[in-house]
Structures are given as C-alpha cells and as structure tokens.
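Q: Taken in order, these protein sequences are the chains called D and H. Letter by letter, the first sequence follows residues 259 to 370 in our numbering. Letter by letter, the second sequence follows residues 52 to 164 in our numbering. Virtual Cβ for every residue (Gly too), placed ideally from N, Cα, C. Bear in mind the structure is a predicted one, so any value in this text is a computation, not a measurement.
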Amino acid sequence: NAGVTQTPKFRILKIGQSMTLQCAQDMNHNYMYWYRQDPGMGLKLIYYSVGAGITDKGEVPNGYNVSRSTTEDFPLRLELAAPSQTSVYFCASSYKNTGELFFGEGSRLTVL
Amino acid sequence: AQSVTQLDSHVSVSEGTPVLLRCNYSSSYSPSLFWYVQHPNKGLQLLLKYTSAATLVKGINGFEAEFKKSETSFHLTKPSAHMSDAAEYFCVVPTGGGNKLTFGTGTQLKVEL
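1) Using CA coordinates, which residue listed in H:Ser-77, H:Leu-98, H:Lys-93, H:Gly-94 is at the minimum distance from H:Tyr-87?
2) I want to see whether chain H comes within less than 8 angstroms of D:Glu-330, judged by CB atoms only; does it?
3) When you compare each of D:Gly-321, D:Gly-298, D:Tyr-291, D:Ile-304 to D:Lys-354 by their alpha carbons, which one comes out closest?
4) Quick one: Cα of D:Tyr-293 to Cα of D:Gly-300, how far?
5) Could you tell me if H:Thr-106 is buried or exposed, where buried requires 16 or more neighbouring beta carbons within 10 angstroms of its beta carbon?
6) Give the residues from the segment 84 to 107 of chain H that approach chain D closer than 9 angstroms (Cβ to any Cβ), ordered along the chain.
7) Leaving out five residues on either side along the sequence, give the residues of the same chain with a beta carbon under 8 angstroms from the beta carbon of D:Val-318.
8) So, at 6 angstroms on beta carbons, what are the nonlocal neighbours of H:Gln-96 in its own chain, with the 5 sequence-adjacent residues on each side left out?
9) If you measure from the beta carbon of D:Glu-371 to each beta carbon in chain H, is any gap under 8 angstroms?
10) Going along the chain, which unbroken runs of the alpha helix (DSSP H) with 4 or more residues stay wholly within the segment 80 to 146 of chain H?
11) Do you know how far the Cα of H:Leu-84 is from the Cα of D:Pro-333?
12) Who are the Cβ neighbours of H:Phe-118 in its own chain at under 6 angstroms, not counting the five residues just before and after it?
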C-alpha cells in the first residue's frame, strides 16, 4: 500500500517557468490537500478538495491552481514561478472529517 | 477562529529524560486538537488526537497529551526520551469545513546522548 505519493521530490525552476507537482493516493480518500511548509512557519493550506470535481482555496492560493478529475489524483500547478514559491510542498489525504491526514514525503521546490 | 501557539521553537533533552512540548489553543469552545510529528525529510504523521472523549490522550511511541480547559493548553509529554524521538512536532487545530487544519509553527526536539 503506497499511501500518498508525490513527484518530483526535488525540482529547481527558473523565474517564470511553469510546472506541475503530482500527487496520487491509493486509499480511496475523498479529501485531499496541498500544503506548503516554510521554516518557522508551520504548514499553510494552499488548496483542498472534498471529492472529484470539487476544489476550494485555502489560506495561500495565489500563484497556484489545482484540479481533481479523479479520486486518486490531485495535481498542483504553478503557472509563473516566483522566488516566493520556494518551499517544501506536501500533499495529504483523509477519508473523512476526522482530522487525521496522511501525508506524502514532500516535494522540495527552488525557484531561482 | 481557532488557533494554536507553540511556546518553544526548539527543545533539547538528554536521552532518558522527560519531554515536554507546550501548546496553547485559542477557541471559544472545547476544540478538537492534534499533535503531528515530522521526522527529518519525511511527511507528517498523526501522533495523537483529542476529541473530548477523555482529557488525557495516549498516542504512538509513548507520547501523551493532556487537555486542560482552564489553562487552554494541550501539552505533549513523554516520560523518557529516545534518540528516535528527534523530530519536529506540530500542534494542530481544525478550522472550518472540509477537514481543514491550522498548524502551529512547530517545535524542533533534539535528543542528546
């Protein structure tokens, strides 16, 4: 059972480039999330989804987009990378509204 | 709105000594509260959760936390630290629908020989 799988683990982007962080879960969870983690700041919610076809903004959505065409996948798109988006990104999923999230191992993104 | 404050950004203990990681919450009612742990270069993992069933909550790896409404606290403790406990710990509170969580700023636990 793989759980939550994120790719890539590391990526360096130039300012203005675009990329997609992939996230897949095999636990048939309805809820999925994208967080970013910056040193000393905890985790901030970027976007979340409560089911296929439904997405909503979190605390820090600017500069990002998401889609949820299937239960399993929840990709995060950066359209015009900026240095402020240098961070570690975590995808997570949960079965229902229990507070227990299952996290991937993270994707470290550097924008130069 | 619910929020949490972790009072120490870094805590250092010797192996075999007790661990205390402090968290205060802000809420107009008794919220659900969680502790998550993040080992180096890994994702986060749920350590324990409080959902009003019992004020003393036991989690994995010998950790426990006590919900104290009078002090608005939810401190994490362990009687005897192990080297493998070295990690970052996050106090977490649900905020809003969709199972959204608000994370504290984290406490880095260092365990020395």
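A: Let me lay it out:
1) Looking up residue 87 of chain H in the second sequence gives position 36. Measuring from the Cα of H:Tyr-87, the nearest candidate turns out to be H:Leu-98.
2) As a first step, residue 330 of chain D must be located in the first sequence, where it is residue number 72. For D:Glu-330, the closest Cβ of chain H is not nearer than 8 angstroms.
3) Within the first sequence, the letter at position 96 stands for residue 354 of chain D. Relative to the Cα of D:Lys-354, the nearest Cα in the group D:Gly-321, D:Gly-298, D:Tyr-291, D:Ile-304 belongs to D:Tyr-291.
4) Stepping through the first sequence from its first residue, residue 293 of chain D is reached at position 35. Stepping through the first sequence from its first residue, residue 300 of chain D is reached at position 42. Taking the straight line from one Cα to the other gives about 10 angstroms.
5) Residue 106 of chain H sits at position 55 when you count from the first residue of the second sequence. Answer is exposed; the Cβ neighbour count stays below 16.
6) Listed in sequence order: Leu-84, Phe-85, Tyr-87, Gln-89, Asn-92, Lys-93, Gly-94, Leu-95, Gln-96, Leu-97, Lys-100, Thr-102.
7) Taking the first residue of the first sequence as position 1, residue 318 of chain D is located at position 60. Excluding sequence positions up to five before and after D:Val-318, its CB lies within less than 8 angstroms of the CB of Arg-294, Lys-302, Leu-303, Ile-304, all in the same chain and listed in chain order.
8) On the second sequence, residue 96 of chain H is found 45 positions in, with the first residue counted as 1. Spatial neighbours of H:Gln-96 in its own chain (CB-CB distance under 6 angstroms, excluding positions within 5 residues in sequence) are listed in chain order as Val-88.
9) In this structure chain D extends from 259 to 370, so residue 371 of chain D is not present and cannot be described.
10) Counting only unbroken stretches of 4 or more residues, no alpha helix (DSSP H) element lies wholly within the segment 80 to 146 of chain H.
11) Sequence index remark: in the first sequence, residue 333 of chain D carries index 75 (1-based). Sequence index remark: in the second sequence, residue 84 of chain H carries index 33 (1-based). Just so you know, the alpha carbons of D:Pro-333 and H:Leu-84 end up roughly 28 angstroms apart.
12) Your numbering for residue 118 of chain H matches position 67 in the second sequence. These residues qualify, in order along the chain: Tyr-101, Thr-106, Phe-125.
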